[in-house]
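Numbering (the working numbering), first residue to last: 1 to 291.
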């Protein structure tokens, strides 16, 4: 469950810039709109390239600002924690440029002025929902609410506001501009989330499973091991038990250190399977004598 935290550094700065732009727009009677809005013909014919970046600040509507305010106070701080700060800011910057470029390509022969921050808001909301789809968020001490349900309630409020704006002011362009920006934000978030899941899948697939390495004990380890009361003999006993026992085959003088070392050297060089029936019985009886 995610709690809604205080506004973080990047989210606060972006909200502050958007707020200043919003109030300057209305105080200047729309003057800022003429310089910052995205007009495809002005960019193509007069090379006013800055409009590709500045159009989200070009006199956003009331409902667009409210959506942006809610997004960057309640959602963006949580999403920002999923990324390193430079990457989060880079995502938003690239998103604005891509949004502007696509708007020009699809509307190059029109005289529509694109403005507003719906594209950014919908991108942040959608990506947050995709990442936390099965989680819940909580407002202070209120009951937790499912992330998709919370996001849908915000979008529904925004949609009703846009339709009312268009109807009251008889402005059909606001529906097209807001709808296009919102759709762009959702698709962009879906693509980014898809890339994140692909990267996660590739990392998990390429993880190497390190299996324990079974080493053949050195001769001195083998000799000392049988002198330990708690030694786990299963590996060697399983090998020895596959051979028939011939008790009394050896005399006391047969159990010399040199003889033992020669057999252990053979085990070290060629493995247990290289031992003869005689050598197996020798080691088995020797181990019984030292226990």
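All C-beta atoms in this analysis are idealised placements derived from N, C-alpha and C, irrespective of residue type, glycine included.
Would the beta-carbon of residue 115 fall within 7 Å of that of residue 157? no
What do you reckon, are the CB atoms on residue 118 and residue 182 nearer than 7 Å? yes
Integer Cβ distance of residue 279 from residue 263, believed to fall under 8 Å: 5 Å
In angstroms, rounded to a whole number, what distance separates the CA positions of residue 143 and residue 153? 16 Å
State the DSSP-derived secondary structure class of residue 197, mapped to helix, strand or coil. helix
With a CB to CB cut of under 6 Å and the five nearest residues on each side skipped, what residues in its chain are close to residue 128? 75 and 79
Between residue 91 and the rest of its own chain, which residues show a CB-CB distance below 6 Å, the 5 nearest in sequence each way excluded? none
Quick check on the DSSP output: the alpha helix (DSSP H) that includes residue 270 runs from which residue to which? 257-270
Pull up the CB-CB distance for residue 120 and residue 96, whole angstroms please, since I reckon it's below 8 Å. 7 Å
Using the C-alpha atoms, what's the distance from residue 82 back to residue 134? 16 Å
Just to confirm the assignment, what range does the beta strand (DSSP E) spanning residue 136 have? 136-138
Using the C-alpha atoms, what's the distance from residue 202 back to residue 131? 18 Å
Sub-7 Å separation of residue 10 and residue 85 beta-carbons: yes
Selection from 150, 17, 270 and 282 that minimises the alpha carbon distance to residue 260: 282
Minimum C-alpha distance to residue 34 - residue among 17, 19, 12 and 57: 57
What does a CB cutoff of less than 7 Å around residue 172 pick up in its chain, not counting 5 residues either side in sequence? 166
Compute the beta-carbon to beta-carbon distance between residue 103 and residue 186, rounded to the nearest angstrom, for a pair I have assumed lies under 8 Å. Between residue 186 and residue 103 the Cβ distance is about 16 Å, and since that is not below 8 Å, they are no contact.
Give me the residue from 18, 147 and 177 with the minimum Cα distance to residue 112. 177
Let me make sure I understand the geometry here. Which of 150, 42, 101 and 22 has the alpha-carbon closest to that of residue 184? 101
Per DSSP, what kind of secondary structure is residue 146 in: helix, strand or coil? strand
Assigned secondary structure, residue 275 (DSSP; H/G/I helix, E/B strand, else coil): coil
Buried or exposed: where does residue 88 fall if 16 or more other Cβ atoms within 10 Å of its Cβ makes it buried? buried
Taking DSSP as the reference, what is the three-state secondary structure of residue 83? coil
From the DSSP output, in three-state form, read off residue 169 for me. coil
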